[in-house]
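Chemist: Counting in my numbering, the sequence shown runs from 347 upward without gaps.
Virtual Cβ for every residue (Gly too), placed ideally from N, Cα, C.
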Amino acid sequence: MSRVPLIAGNWKMYKTGRQAVETAKDLAQLCSDVQDVEVMIAPTFLSLPLVAASIEDTNVKIGAQNLYFEKQGAYTGEISADMLKAAGVEYVLIGHSERRLYFGETDTSVCKKIKAAIEVGLKPVLCIGESETQREEEKTFSILDKQVSDGLKGFGLEELAHLVLAYEPVWAIGTGKTASVDQVSQVHQYLRSLLEKLFSKDFSNQTRILYGGSVNPENARDLMGIEDVDGALVGGASLDANKFINIIKYNS
Ligand code: PEP
347 MSRVPLIAGN WKMYKTGRQA VETAKDLAQL CSDVQDVEVM IAPTFLSLPL VAASIEDTNV
407 KIGAQNLYFE KQGAYTGEIS ADMLKAAGVE YVLIGHSERR LYFGETDTSV CKKIKAAIEV
467 GLKPVLCIGE SETQREEEKT FSILDKQVSD GLKGFGLEEL AHLVLAYEPV WAIGTGKTAS
527 VDQVSQVHQY LRSLLEKLFS KDFSNQTRIL YGGSVNPENA RDLMGIEDVD GALVGGASLD
587 ANKFINIIKY NS
């Protein structure tokens, strides 16, 4: 089963609308000859429609960094799945560790958000990962098991057809500490069999599992070469189009 790698850039709370459009256009230009790799960028909510309009008809896709699970209503400051869809968004990050850490995201809210995304045809990127303490206490696999099982509770196979999983050890995000090839390989193999146990072998084989955590142009090739790694979720190194393209073109 061949899975087209996805290289996704999470721009977090960086860049004004104008700066986001500039970087997106530069990136789209640099990506014009990219084949066999899907590229996605996730700017802030405010920049989404501007960026979407500026790189329409290029091979760079648009993602959002979050959504709220209700359809509409008195939820000051929130954005619904429908609104994202209307702004030209294709993917949405759900349960990023920064959302879990600073904004009280739980596996239950993650599950509701995945449902809301699927209902409008957005492709959810479910972010999971253990903290440093959890790894030291040898709880990595049980934490991941819970995040995946609870995050995907109640879904049928058809609903999850476009799900992407992103393994991001919290201790490797924005720290410059990358997980080793052995650590990533072990976890991705574990996740692949977990998806098989929870759903089916076909589903497990078709679902992309990204690695995220201090991916940069120097380590991308080694990380992307791991058998069960189907791309990357990149934070810091995705903010600069010239740097990000070297991750996207990790194979050349
Ligand atoms: C992220 O934000 O998902 C991430 C992996 O960040 P960084 O690449 O900066 O570690």
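Within 8 Å, do at least three Cβ pairs link the stretch 414 to 434 to the stretch 361 to 374?
Modeler: No contact exists between the stretch 361 to 374 and the stretch 414 to 434.
Chemist: Do three or more CB pairs link the stretch 408 to 419 to the stretch 457 to 465 at distances below 8 Å?
Modeler: Touching, yes.
Chemist: With distance defined between alpha-carbon atoms, name the residue in Phe549, Phe545, Ser526 and Glu542 nearest to glycine 559.
Modeler: The option with the nearest alpha carbon to glycine 559 is Ser526.
Chemist: Looking at C-alpha atoms only, which residue of Ala398, Asn597 and Ala512 is the closest neighbour of serine 443?
Modeler: For serine 443, the nearest C-alpha among the options comes from Ala512.
Chemist: How is glycine 363 classed by DSSP in three states: helix, strand or coil?
Modeler: Glycine 363 falls in the helix class under three-state DSSP.
Chemist: Within 8 Å, do at least three Cβ pairs link the stretch 578 to 588 to the stretch 532 to 545?
Modeler: In short, these stretches do not touch, since the Cβ pair count stays below three.
Chemist: Quick check on DSSP: helix, strand or coil for arginine 538?
Modeler: The answer is helix: DSSP assigns arginine 538 an H, G or I state.
Chemist: Could you name the residues that DSSP lists as bridge partners for glycine 577?
Modeler: In DSSP, glycine 577 forms a bridge with Leu352.
Chemist: Tell me which same chain residues have a C-beta within less than 6 Å of the C-beta of asparagine 562, skipping the five on either side of it?
Modeler: Same-chain partners within the cutoff: Ala583.
Chemist: Using 8 Å as the cut-off, classify the Cβ of isoleucine 519 as near or not near the heavy atoms of ligand 1, replying yes or no.
Modeler: Correct: isoleucine 519 has its Cβ closer than 8 Å to ligand 1.
Chemist: In the DSSP assignment, what residue or residues form a beta bridge with methionine 386?
Modeler: Looking at the DSSP assignment, methionine 386 forms a beta bridge with Ala354 and Lys407.
Chemist: Is valine 533 helix, strand or coil by DSSP?
Modeler: Note: valine 533 maps to helix in three-state DSSP.
Chemist: For a quick check, are the C-beta atoms of glutamine 493 and glycine 520 less than 9 Å apart?
Modeler: Contact flag unset, no.
Chemist: Alpha carbon to alpha carbon, how far is valine 530 from serine 426?
Modeler: Cα-Cα distance, rounded: 33 Å.
Chemist: Kindly provide the ranges of any beta strand (DSSP E) runs that are 3 or more residues long and lie completely inside the stretch 430 to 460, ordered along the chain.
Modeler: Those beta strand (DSSP E) runs which fall completely within the stretch 430 to 460 and span 3+ residues are 437 to 440.
Chemist: Applying the criterion that 16 or more other CB atoms from any shown protein chain within 10 Å of the CB defines a buried residue, is glutamine 381 buried or exposed?
Modeler: With fewer than 16 Cβ atoms within 10 Å of its Cβ, glutamine 381 is classed as exposed.
Chemist: Just list the residues that DSSP pairs serine 377 with in beta bridges.
Modeler: Per the sequence presented here, residue 377 reads as cysteine, with serine not at that position. BP columns for cysteine 377 are empty, so no partner.
Chemist: Assign methionine 570 to buried or exposed, taking buried as 16 or more other Cβ atoms, counted over all protein chains shown, within 10 Å of its Cβ.
Modeler: Buried: at least 16 other Cβ atoms inside 10 Å.
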